[in-house]
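Here the structure comes first, spelled out in structure tokens, and everything after it is commentary.
Chains as they are written, first to last, in my numbering: chain A, 1 to 345; chain B, 1001 to 1345.
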């Protein structure tokens, strides 16, 4: 299967190999990271991106950083470990998978001596990775039941192997539906400013042999209104206890358009994306990125010099716009508060 | 006033000078067109664009073409004139201002001998231009009454001096509100694929000293939902008898988002944009442009080679999403069928 070939993140015991997604589709270039600070930078600069994938990359980055801590003194080790974890905490604020991974890594380093803790940290990172692969595989299988033969699916940003370090979330469902023999096609939003749809989703789908039509973000409403879209599926960066979903900027717009056109709007995410500590989406921190990502495209200035721009990287879709949240433990529908509490911990 | 400096289209008796908008904001370059076929090409390639401006440019192009017709035989002249008008008919299908201008030019060439008809055609083109300048100035004054001190206005595409050959429509209202002493600011959608918002609207507003925040098209919903937008104003390429409005792709999406967030959504257009021959927006032809405009940005490929893309240049906003249509003869509200019939002919 292609998703196994597409290793967004690969652990090589003494280094982390990542596919530099900022260079795709022009260049398939892998980078070997040995310094944990480079892993943190790769997350910040979105060389590795997608909520599940950045959780996995951070876990491996912490394991890598732990290995390089000198000495056998436990307190000293834990203090340095805490410091390097802070580096990852401050990379990106919205995807909760990152914080969940860091918190799991912190708990993994409690027993034994320093060498044992280093081993435990590497094992925990691998386990996080394996769990995410399994979770996305299961939710993709479950979600594929919603896709009927002949469906045209709208998606936003990139939620495939690249984003998840595994099978994919929204795009995983698309791939699973195809593997079930359904004839499907996809409309992919280009997803400005960083064009993950044009650069990554179009690329992944073409490799899977799934017909894709690339559109600008502003065209999704037109095609929904024309009756060309059977359902929309997106991923998530953080899901609050009430089912409000933070995801790539533009998701809220698609959800409003889907509701207006009576098109089912699905969110696909592993349970690691659910954050029961936040009562609603209003509490989810929204990352504001460099305005240059808006005034420039691939390094080329498109706006007049000095133009003021805003660049929120995510938005929040209130739960009442969402037809179902698809997780590895089943499909959750209204009331989300109850459904999410049951499956998440 | 700046709009007088910004001459998108200027008639110089034996030639038409246009500002090449495809090169903005990087380069302010003017082109002198002497051959009518070059005028038609400039419309097609969007060197001159915006519904009122392409009507004006086509009228001048026809006047220019007429001047170059050899001989004094009236039938021969009219036959060649018809042919060159056909060239303009086939440039762009959606903006009705183009067809209205062509039809006016056809009627202007009926009386007198060939030299008289050439003079009449040049006069008619100048009259169309002057009427549009006056219409946009008046509708801007009228529309500005809707703008309160402190308003933040969302707009899409470019609807200023560049688009209209005059004062502007949606952007004309913004400018008029500022001239009335109101403190206003603008959120400008970048307007993919051709980035008229980033390239032209940001540029015009900066020259006017009006604070502007550039956003990607996918961010408009976020800022509406955050309560940052007081009203949205857009232009139009064709308005059907029932008030349905064809405008730049993405307009329908903004209208749906505005309704969902209880934000007034205004359309500003001269009466030359109203087409009473079409009962509804469903009959408005939507231009499908080269998919390369989606797969490439300013000549640089952003999608994998061979990616399939769609590129509808316009969409239709049903009248029930529109709070008012602002014309030079007043503001029209529901029922649009009656209101538009009264002002348009």
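Don't be surprised by glycine CBs; every beta carbon is placed ideally from N, CA and C.
On a predicted model such as this, the values are computed, not experimentally measured, just so you know.
Check: Helix, strand or coil at residue 278 (chain A) [DSSP, three-state]; Outcome: coil
Check: Residue 225 (chain A), DSSP secondary structure in three states; Outcome: helix
Check: DSSP-derived helix/strand/coil call for residue 1312 (chain B); Outcome: strand
Check: Bridge partners - residue 1011 (chain B), DSSP secondary structure assignment; Outcome: B:1016
Check: Rounded Cβ spacing between residue 274 (chain A) and residue 344 (chain A) (contact assumed at less than 8 Å); Outcome: 4 Å
Check: Burial state of residue 2 (chain A) (16 or more Cβ within 10 Å); Outcome: At residue 2 (chain A), the pLDDT of 37 sits below 50, so the modelled position is not reliable; the number obtained from the coordinates is stated separately. Exposed, by the Cβ-count rule.
Check: Cβ-based burial, residue 1180 (chain B) [other Cβ within 10 Å; buried from 16]; Outcome: exposed
Check: Beta-carbon proximity check, residue 1253 (chain B) vs residue 218 (chain A), cutoff 9 Å; Outcome: yes
Check: Cβ neighbours of residue 4 (chain A) in the same chain (closer than 7 Å, five flanking residues each side left out); Outcome: Reliability fails at residue 4 (chain A), whose pLDDT of 48 lies under 50, so the model's placement of it is uncertain and the value that follows must be treated cautiously. Nothing meets the Cβ criterion.
Check: Interface flag, residue 1234 (chain B) vs chain A, CB-CB below 9 Å; Outcome: no
Check: Residue 1155 (chain B) in three-state terms, based on DSSP; Outcome: strand
Check: Per-residue contacts from residue 252 (chain A) into chain B (C-beta, under 8 Å); Outcome: 1221, 1222 and 1225
Check: Beta-carbon gap between residue 1213 (chain B) and residue 310 (chain A) smaller than 9 Å; Outcome: yes
Check: Contact between the stretch 239-255 of chain A and the stretch 104-118 of chain A (3+ Cβ pairs under 8 Å); Outcome: no
Check: is_contact[residue 1309 (chain B), chain A] using C-beta, thresh 9 Å; Outcome: yes
Check: Cutoff 9 Å: residue 1203 (chain B) Cβ touching any chain A Cβ; Outcome: yes
Check: Limits of the alpha helix (DSSP H) - the one that residue 380 (chain A) falls within; Outcome: Limits of chain A in this structure are 1 at one end and 345 at the other, which puts residue 380 (chain A) out of reach.
Check: Alpha carbon of residue 1299 (chain B) to alpha carbon of residue 1085 (chain B), nearest angstrom; Outcome: 31 Å
Check: 9 Å Cβ cutoff, residue 1115 (chain B) in contact with chain A; Outcome: no
Check: Coil, strand or helix - residue 184 (chain A) by DSSP; Outcome: coil
Check: C-beta contact flag for residue 1348 (chain B) and residue 1200 (chain B) at 9 Å; Outcome: The structure shown does not extend to residue 1348 (chain B), since chain B spans only 1001 to 1345, so no value can be given for it.
Check: Listed by chain order, chain A residues near residue 1344 (chain B) by CB distance under 9 Å; Outcome: By Cβ distance, chain A contributes nothing, its closest Cβ being about 25 Å from residue 1344 (chain B), past 9 Å.
Check: CB contact flag (residue 15 (chain A), residue 41 (chain A), <9 Å); Outcome: no
Check: Residue 1077 (chain B) versus residue 1064 (chain B) - alpha carbon distance; Outcome: 13 Å
Check: Residues within the stretch 207-219 of chain A neighbouring chain B, beta-carbon criterion of under 7 Å; Outcome: 212, 213, 214, 215, 216, 217, 218 and 219
Check: C-beta contact flag for residue 236 (chain A) and residue 169 (chain A) at 9 Å; Outcome: yes
Check: Proximity of residue 1280 (chain B) and residue 1225 (chain B) at Cβ, strictly below 9 Å; Outcome: no
Check: Burial state of residue 1227 (chain B), where buried means 16 or more other Cβ atoms lie within 10 Å; Outcome: exposed
Check: Closer than 9 Å to chain B by CB, residue 187 (chain A); Outcome: yes
Check: Interface residues of the stretch 288-310 of chain A facing chain B [CB-CB below 7 Å]; Outcome: 294, 295, 297, 298, 300, 302, 303, 304, 307, 308, 309 and 310
Check: Identity of the residue in A:165, A:100 and A:172 nearest residue 239 (chain A) by Cα; Outcome: A:100
Check: Residues, ordered as in the chain, of the stretch 234-249 of chain A that lie near chain B by beta-carbon distance below 7 Å; Outcome: 249
Check: Rounded separation between residue 27 (chain A) and residue 47 (chain A) - CA only; Outcome: 12 Å
Check: Element boundaries [beta strand (DSSP E), containing residue 247 (chain A)]; Outcome: 245-248
Check: Cross-strand partners of residue 1307 (chain B) (DSSP beta bridge); Outcome: Partner(s): none; residue 1307 (chain B) has no beta bridge.
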